[in-house]
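Trainee: Chains as they are written, first to last, in my numbering: chain A, 6 to 368; chain B, 6 to 376. All residues carry an ideal CB built from backbone N, CA and C; glycine is no exception. Below you will find the structure I want to go over with you.
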């Protein structure tokens, strides 16, 4: 058999696989496993195969970080998030910081200035009151920095062993900024892909803070409010700012895959241009983890039309904390729904959604 | 990163690619097998084969420790994990390997106390922290990881930790290579030898490959430049009509191996008369179990296990993939019924498995245009 024929057969099989993958996944598992919460393929199957069809909502089908509701001409973004991070305090922040910033950031990348939060606490019987006080202080401080008010809340206590210290759920609301023209399906070939700074710090900091590896490194979580970054991009990008995403669980790789699918485009990432802190890179290397899949809690990915990309990047870099923002790749047409990486070594490969669960409970 | 980036230098990669292009006979097709799953992973992750000429083909070998675990062993592990008072520990990849009914991850969701560890020492620590529970470590890997299991067992014995047990699935590299070389459907020109295994066993155990089978072997490191250089060294042997074991990974691999590690292994382990390999069947003297001196730590002697040989699912062609007879995409269920999220075969589970590496990284024809 000649090489040409082999290549043709391989190509046909790859096409069959792509067709299989482009279908809406069905949730067929007999029970929930940790993979369903990891942000990878199992999570996608749960959301697209069970939740989205059950609630059939146009806003939900957009699969944005926040949903949009219109009330008498006022366009509001609404989002909710639960936090189960372990340990609750880690270098650079704590569960309280995450609970505010995580929700604020889902609003910010939807183009909404965060206005108000609800705060729901599930506390484990026996939790040290000092630990609770510390988290309440952290929540208040983070809310103040983010310019958002906590206006309602709820408290539940469960028996010892039925929760791990504390879980927090916050819901946030904000008005969609009039400058925003964002949509997960608006990304077009030619658009530039921008990240707001060096990636992978949060997940790595949590992993090290658990003390499961005998590894010590000076790595802090990047948890912060992304509204200043989103604000700068809305101002500089104008209508050329197509979409923003908060690169939390599953990291930048997961965001790119979700959006490549939603917009039916190809994303090509230049590995050498992706900013990664040296300590994060070193820890990832030792642990065999790709920083592209590691969670961030203060980094966004933006898609900007080519004409506005340079201006948007410059504006972003002037925001404190975003000095390392970089253009990491470009949107193409073929093959749709796929993310490809030009490796720093000069090769090319696919960057898919993760199937496994490398790091449970990182947020 | 210092001492790492040097081995991923794109400019040097292009230089080596040029040298390979100059060294090959354009009329000849070269089929090189990388024995180790670590190489397979690197090749896909860095896109190493994009830099090779079309007539140099890399074939993936049997050296992925998770991939060679048969379903019956997974069932045995689950049986132990379900036993009363047991904390069952294993490496992360192993949790998703399907047994005949379920995986360890699913057994965990149903209530078995299965925990992921990163080293056997983590499992030993867990045993010391939970003196009233039995902690079982599912040990697996080639000679690369066997010494760390051996040292851990020695420490458990020295410290008198009586609630720590090992279910040993360690395997050795030479017997499956010999089985592979004896198989009639094999057509290979040379081997990219396993670097990590060789840090322990040295290069000498591979001398039978050129001596008895007339194929060159180059022990290789795992960075992309290592792999390219090893490919060049094999091609130079073939074109120069030489046939020997060469060591590209001299910065880590001594020709004689690590004698201290081999000593510890000899103390703690003994060869099993035979062991079943996924897809390859039973291979005699190809795996290790705890020696009589360590019998008290042997989970298989302490717990009842079904110990039943479970035939691989009919559709699964892991065996042919492990032998390099077919490419991952040539398997009938590849990418449709068998995917990393719902794997039928082990090669689709471990990131070092040829099918998972191809599915996650390589699912894109080399010559396809991106527009």
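#1: Quick one: does residue 15 of chain B have its CB under 9 Å from some CB of chain A?
#2: Which parts of the region 75-157 of chain B are runs of the alpha helix (DSSP H), unbroken and 4 residues or longer, counting only runs that do not cross its ends?
#3: Leaving out five residues on either side along the sequence, give the residues of the same chain with a beta carbon under 8 Å from the beta carbon of residue 156 of chain A.
#4: Taking the DSSP output, what are the residues bridged to residue 252 of chain B?
#5: Between the Cα of residue 78 of chain A and the Cα atoms of A:223, A:336, A:312 and A:183, which residue gives the shortest distance?
#6: With hydrogens ignored, establish whether the beta-carbon of residue 169 of chain A is closer than 8 Å to any heavy atom of the ligand ADP.
#7: In angstroms with no decimal places, state the Cα-to-Cα distance between residue 292 of chain B and residue 98 of chain B.
#8: Starting from residue 367 of chain B, find everything on chain A with Cβ-Cβ shorter than 9 Å and list it in chain order.
#9: Name, in chain order, the residues that DSSP records as bridge partners for residue 331 of chain A.
#10: In terms of alpha-carbon separation, which member of A:228, A:42 and A:91 lies closest to residue 146 of chain A?
#11: Could you tell me which of B:317, B:243, B:206 and B:351 sits nearest to residue 270 of chain B, measuring between CA atoms?
#12: Identify, in the order they occur along the chain, each residue of the same chain with its Cβ nearer than 6 Å to the Cβ of residue 284 of chain B, setting aside the five sequence neighbours on each side.
#13: Identify which residue in A:273, A:72 and A:205 has its Cα closest to the Cα of residue 295 of chain A.
#14: Since residue 115 of chain B meets chain A, which of its residues come closer than 8 Å, beta carbon to beta carbon?
#15: Taking residue 107 of chain A and residue 88 of chain A to be in contact with their CB atoms under 8 Å, please state how far apart those CB atoms are, rounded to whole angstroms.
#16: How is the beta strand (DSSP E) around residue 46 of chain B delimited, first residue to last?
#17: What would DSSP say about residue 24 of chain A, mapped onto helix, strand or coil?
#18: In the DSSP assignment, what are the bridge partners of residue 36 of chain B?
#19: So, is the C-beta of residue 33 of chain B closer than 9 Å to a C-beta in chain A?
#20: Taking Cβ-Cβ distances below 9 Å as the criterion, which residues of the region 333-349 of chain A are in contact with chain B?
#21: Which of the three DSSP states, helix, strand or coil, is assigned to residue 317 of chain B?
#22: Are at least three pairs of beta-carbons, each pair with one atom in the region 217-232 of chain A and one in the region 164-171 of chain A, less than 8 Å apart?
#23: Give a yes or no on contact between the region 76-93 of chain B and the region 50-58 of chain B, applying the rule of three or more CB pairs nearer than 8 Å.
#24: Please go through the same chain and pick out, in chain order, the residues whose beta-carbon is closer than 7 Å to the beta-carbon of residue 28 of chain B, but skip the five residues on each side of it.
#25: Check whether the region 302-317 of chain A touches the region 191-199 of chain A, counting contact only when three or more Cβ pairs, one atom from each stretch, lie closer than 8 Å.
#26: Over the uninterrupted alpha helix (DSSP H) stretch that includes residue 187 of chain B, give me the two end residues.
#27: Verify the CB distance criterion: does residue 91 of chain A have a CB-CB separation below 9 Å to chain B?
#28: Please check if any C-beta of chain A sits within less than 9 Å of the C-beta of residue 264 of chain B.
#29: Can you tell me where the alpha helix (DSSP H) holding residue 262 of chain A begins and where it ends?
#30: Is it the case that the Cβ atoms of residue 46 of chain B and residue 333 of chain B are separated by a distance below 9 Å?
#31: Hey, residue 233 of chain A and residue 340 of chain A: beta-carbon distance below 9 Å or not?
#32: Am I right that residue 348 of chain B and residue 103 of chain B are in contact with their C-beta atoms under 8 Å? What's the rounded C-beta distance?
#33: Report the option in A:302, A:154 and A:360 whose CA atom is closest to the CA atom of residue 210 of chain A.
#34: Please confirm if residue 19 of chain B has its CB atom under 9 Å from at least one CB of chain A.
#35: Should residue 103 of chain A be flagged as near chain D, meaning a C-beta pair shorter than 9 Å?
#36: Measure the Cβ-Cβ separation of residue 36 of chain A and residue 111 of chain B and say whether it is below 9 Å.
Mentor: On the basis of the data shown:
#1: yes
#2: 76-87, 109-114 and 125-134
#3: 121, 122 and 123
#4: B:224
#5: A:183
#6: With respect to small molecules bound, the structure shown includes none, and the ligand ADP cannot be examined in it.
#7: 20 Å
#8: 354 and 355
#9: A:200
#10: A:228
#11: B:206
#12: 323, 324 and 327
#13: A:205
#14: 36
#15: 7 Å
#16: Where residue 46 of chain B is concerned, there is no enclosing beta strand (DSSP E), although the alpha helix (DSSP H) it sits in stretches over 42-51.
#17: Correct three-state label for residue 24 of chain A: helix.
#18: B:62
#19: no
#20: 337, 338, 339, 340, 343, 345, 346, 347, 348 and 349
#21: coil
#22: no
#23: no
#24: 237, 240, 241 and 244
#25: yes
#26: In the DSSP annotation of this structure, the continuous segment of the alpha helix (DSSP H) that includes residue 187 of chain B starts and ends at 179-187.
#27: no
#28: False, the Cβ-Cβ gap to chain A never drops below 9 Å.
#29: Counting along the chain, the alpha helix (DSSP H) containing residue 262 of chain A begins and ends at 256-268.
#30: no
#31: no
#32: Contact holds; Cβ gap of about 6 Å.
#33: Ranked by Cα distance from residue 210 of chain A, the first of A:302, A:154 and A:360 is A:302.
#34: Chain A, which has a Cβ nearer than 9 Å to the Cβ of residue 19 of chain B, makes this yes.
#35: The question asks about chain D, but that chain is absent: this structure's protein chains are A and B.
#36: yes
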